[in-house]
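In the working numbering, the protein residues as written are -16 to 34. Some notes on the structure that comes next.
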Amino acid sequence: MKNFKVRWVEDGRERVSVVAYNESSAKRRAEELELQDGVSDVRVVSVAPGV
């Protein structure tokens, strides 16, 4: 199973999700973040298990 994290920029600071998601959940979370004010450059990235 592949794991994914969400990375984004919020108010000029780079953020990364603490939890790892499956791909569909990561995409859903990215869509939620894109709707928030002050959030940009939202990306879903593949990560190694346990990271």
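All C-beta atoms, glycine included, are put in the ideal place defined by N, C-alpha and C.
If you check the CB distance, VAL(-11) and VAL22 do not come in under 8 Å.
Following the DSSP letters along the chain, one finds SER8 inside the alpha helix (DSSP H) bounded by residues 6 to 17.
Within the same chain, Cβ atoms closer than 7 Å to the Cβ of ALA13 are found at VAL(-11), VAL25, VAL27, the five residues on either side in sequence being excluded. Each of ALA3, GLU6, GLU17, LYS10 was checked against the Cα of GLU(-7), and the nearest Cα belongs to GLU17.
Excluding sequence positions up to five before and after VAL(-1), its CB lies within less than 6 Å of the CB of LYS(-12), ARG(-10), all in the same chain and listed in chain order.
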